Amino acid sequence: MSVQTQIRGAARSVTRNSDRPAPTLSVEWLGDPSSAKRKEWVIRGVLGVGEVMVIHADTKVGKTQLATHISFAVATGGEIFGRSVTKAAVLYGAFEKAPVTKKRFRALQRIHENVEPPIAVCSGPVNLASAEDAKKIIDTAKEMSSTLPVKLIVVDTLNRASGGVDENAAGPMGLIFNQLSRIAEEVGAGVIVLHHNTQGKTKMRGSSAVPASADILMSLEKRSDDIREAKITAANDIPEGQSFRFRLRQVELTPRTAAADAESTVVMEAIGSVRNGDPVASQAILSRAAELLQLFDRLNKSGRFGRAALLSAARDQQIVSEGKSGSEQLRVTLKELKRQGRLDYSHQDIWSLQTTPRSNVPISSLKEGDFGPMDLDQ
Numbered sequence: 011m012s013v014q015t016q017i018r019g020a021a022r023s024v025t026r027n028s029d030r031p032a033p034t035l036s037v038e039w040l041g042d043p044s045s046a047k048r049k050e051w052v053i054r055g056v057l058g059v060g061e062v063m064v065i066h067a068d069t070k071v072g073k074t075q076l077a078t079h080i081s082f083a084v085a086t087g088g089e090i091f092g093r094s095v096t097k098a099a100v101l102y103g104a105f106e107k108a109p110v111t112k113k114r115f116r117a118l119q120r121i122h123e124n125v126e127p128p129i130a131v132c133s134g135p136v137n138l139a140s141a142e143d144a145k146k147i148i149d150t151a152k153e154m155s156s157t158l159p160v161k162l163i164v165v166d167t168l169n170r171a172s173g174g175v176d177e178n179a180a181g182p183m184g185l186i187f188n189q190l191s192r193i194a195e196e197v198g199a200g201v202i203v204l205h206h207n208t209q210g211k212t213k214m215r216g217s218s219a220v221p222a223s224a225d226i227l228m229s230l231e232k233r234s235d236d237i238r239e240a241k242i243t244a245a246n247d248i249p250e251g252q253s254f255r256f257r258l259r260q261v262e263l264t265p266r267t268a269a270a271d272a273e274s275t276v277v278m279e280a281i282g283s284v285r286n287g288d289p290v291a292s293q294a295i296l297s298r299a300a301e302l303l304q305l306f307d308r309l310n311k312s313g314r315f316g317r318a319a320l321l322s323a324a325r326d327q328q329i330v331s332e333g334k335s336g337s338e339q340l341r342v343t344l345k346e347l348k349r350q351g352r353l354d355y356s357h358q359d360i361w362s363l364q365t366t367p368r369s370n371v372p373i374s375s376l377k378e379g380d381f382g383p384m385d386l387d388q
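First residue of the sequence shown: 11, per my numbering; consecutive thereafter.
This is how it looks when you write it as structure tokens:
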């Protein structure tokens with residue numbers, strides 16, 4: 011075959027290929043707005059199906075406690091952040107300290123009467139920079155969904171699921187978030203990614219591609235030894251600035267024996283949630299209760315004191331506010347002290363329920379033994 015013949019053949023081939031229609035993009039006509047599909051929520055008003063939320067915090071503040079708390083709420087059909095959830099199965103990727111994560115779930119099961127929630131825990135290694143590994147997560151979630159749809163997937167943590175790529179490189183991190191969005195969309199779930207802050211700062215670690223690619227950013231900060239606050243700092247489709255407070259709680263898993271120490275772990279519970287039928291008080295109420303009880307101990311001589319007189323003294327000590335708000339603060343605080351079994355009250359009087367003198371030590375809504383030295387890595 012001559013060179014000219016080869017050239018003519020190649021030219022005809024190029025012409026034929028150029029005549030083929032190019033692949034088109036997927037489009038959807040807007041149509042009637044009243045017939046638009048409503049957004050499907052995983053956590054109503056917080057996380058939707060197909061969305062990726064990043065929860066970031068300093069080391070050992072409690073990211074895993076929060077993520078397991080959320081997972082348990084979704085799997086049991088409870089609520090989180092005071093919001094309803096879609097009851098569904100959860101795939102939890104415990105790529106960092108899987109045994110510790112399983113202990114946290116065991117503690118939540120113990121708190122909730124040994125319920126067996128539809129939560130599957132998987133561990134690494136996984137590399138979300140790889141489309142192949144992302145497909146493994148998708149296929150696993152779809153296989154789980156044959157029993158109960160998976161609506162929440164947790165990646166704990168971003169660093170351990172990134173295959174060692176440079177967190178400061180925008181290109182690789184952008185590709186990882188493309189895969190996370192793909193997982194959320196193909197599974198039909200919300201994805202929560204746990205990420206570390208830069209050491210000693212409230213800013214998340216790594217490339218700006220992380221906050222730019224996420225649908226929701228939630229920071230988690232330490233407010234006191236046992237109080238944590240989660241806050242939505244950026245979002246595409248929900249109001250920013252929403253905040254939610256939690257208390258850390260230590261739970262014993264196995265009792266101490268002659269041969270071994272007790273085994274325990276730390277979990278989170280929402281302030282305002284119910285434990286044993288009683289609401290968990292806020293830190294402000296607990297602090298006010300401690301001060302009021304100490305004031306009552308100083309003033310009363312017979313274990314009983316007038317309610318109006320205690321209100322006046324509490325205002326003088328700035329334990330409660332002036333005006334009607336102070337009366338309401340006193341009522342709420344007395345209710346908490348009654349719940350603790352320390353004081354009871356009527357419209358006229360307040361009296362002690364303590365049978366023995368007490369030292370002036372801080373009080374808590376938790377029973378003795380609920381808290382001990384807290385190691386978040388337990």
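All C-beta atoms, glycine included, are put in the ideal place defined by N, C-alpha and C. Note that the coordinates shown come from a computational prediction; the quantities given were computed from them, not determined experimentally.
Span of the beta strand (DSSP E) around residue i
i	result
R116	Careful: R116 lies outside any beta strand (DSSP E), inside the alpha helix (DSSP H) at 108-121.
K161	160-166
S362	359-362
G351	That residue, G351, is in no beta strand (DSSP E); it is neither H nor E in DSSP.
Delimiting residues of the alpha helix (DSSP H) encompassing residue i
i	result
H79	73-86
Bridge partners - residue i, DSSP secondary structure assignment
i	result
N137	S172
F256	R238, A280
S274	E262
V59	Beta-bridge pairing links V59 to no other residue.
G103	C132, V165
A67	H206, L230
Residue i in three-state terms, based on DSSP
i	result
K49	coil
E38	coil
I148	helix
I248	coil
S94	strand
V125	coil
E89	strand
P367	With a pLDDT of only 42 at P367, under 50, the local geometry of the prediction cannot be trusted, and the value read off the model is given with reservation. Reduced to three states, the DSSP call for P367 is coil.
From the options, residue whose alpha carbon lies closest to that of residue i
i	options	result
H357	S337, N310, D307	S337
K241	T212, V220, R266	T212
M183	M154, A222, V330	A222
I129	A318, V84, S156	V84
L363	R314, Q339, E332	R314
E239	H206, S81, G174, E279	E279
V95	E262, V276, E50	E50
L353	D326, R317, S331	R317
E301	K152, L347, I360, E195	L347
L258	N207, R308, S191, K70	K70
V131	S297, I121, L263, T150	T150
V136	A104, V160, F115	A104
Q390	A324, L296, R255	Since the first residue shown for the chain is 11 and the last is 388, residue 390 is missing from the structure and cannot be characterised.
I248	S218, I53, G41	I53
G58	G181, A199, W39, F187	A199
P159	A194, G92, H205, L118	A194
L263	V110, G173, E61, P127	V110
Q327	K311, S312, V342, L303	L303
M63	E126, A46, G87, S191	S191
E196	A139, R233, E38, K161	K161
Q209	W361, H66, S331	H66
L344	V220, I202, L305	L305
CB contact check: residue i to chain B, cutoff 9 Å
i	result
V220	The structure shown contains no chain B; it holds only a single protein chain.
Secondary structure, alpha helix (DSSP H): runs of 4+ residues fully inside the stretch 177-246: The stretch 177-246 contains these whole alpha helix (DSSP H) runs: 180-197, 219-223.
Alpha helix (DSSP H) runs contained entirely in the stretch 297-330, provided each spans 4 or more residues: Qualifying alpha helix (DSSP H) stretches, in chain order: 317-326.
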